[in-house]
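I have placed the structure first, in the form of structure tokens, so that the comments after it can refer back to it.
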Amino acid sequence: MSKPAFKHLLAHYRAHKNSLIVDVRAVTENDGLVDNGMVITIAKHVGALNCLYWQALGNGEVNLAKGIFRTISKAKAVHRIEVI
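In my numbering, the protein residues as written are 838 to 921.
Following this line, the structure appears as structure tokens:
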């Protein structure tokens, strides 16, 4: 956990996770009415999390990768976000 690569990936993971939560909450509060800009923003965060998942696996950070995968899975299941 003291490796610079781990700290770097963790910082990006936390930032994108928090941004995803804020954006999904904004959609939820808007009674599900979304514009294309919001859909693109949510897709960017999910795509970034997917990229971070593969980077974590590539750096041997399996536990971090599992946490990222759980976040993506929860977003897909709870908020019906489709991950390609």
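Backbone N, C-alpha and C fix where the C-beta goes; we use that ideal spot for every residue, glycine too.
In this structure, how does DSSP classify residue i when only helix, strand and coil are distinguished?
{"i": "L870", "result": "coil"}
{"i": "N887", "result": "helix"}
{"i": "G897", "result": "coil"}
{"i": "S910", "result": "helix"}
{"i": "K840", "result": "coil"}
Compare the C-alpha of residue i against each of the options and name the closest.
{"i": "H849", "options": "C888, V859 and V864", "result": "C888"}
{"i": "A842", "options": "A902, F906 and A912", "result": "A902"}
{"i": "G884", "options": "T908, K844 and D872", "result": "T908"}
Which same chain residues end up closer than 7 Å to residue i when comparing Cβ atoms and leaving out the 5 residues on each side of it in sequence?
{"i": "H882", "result": "H853, S856, L857 and D860"}
{"i": "N867", "result": "none"}
For residue i, count neighbouring Cβ atoms within 10 angstroms of its own Cβ and tell me buried if that reaches 16, exposed if not.
{"i": "I877", "result": "exposed"}
{"i": "A914", "result": "exposed"}
{"i": "E898", "result": "buried"}
{"i": "L870", "result": "exposed"}
{"i": "N912", "result": "Correcting the residue type first, residue 912 is Ala in the shown sequence and not Asn. Classification of A912: buried, given that the 10 Å Cβ count is 16 or more."}
{"i": "A863", "result": "exposed"}
Which residues in the same chain as residue i place their Cβ atom closer than 8 Å to its Cβ, once the five residues preceding and following it in sequence are excluded?
{"i": "Y890", "result": "A902, I905, F906 and I909"}
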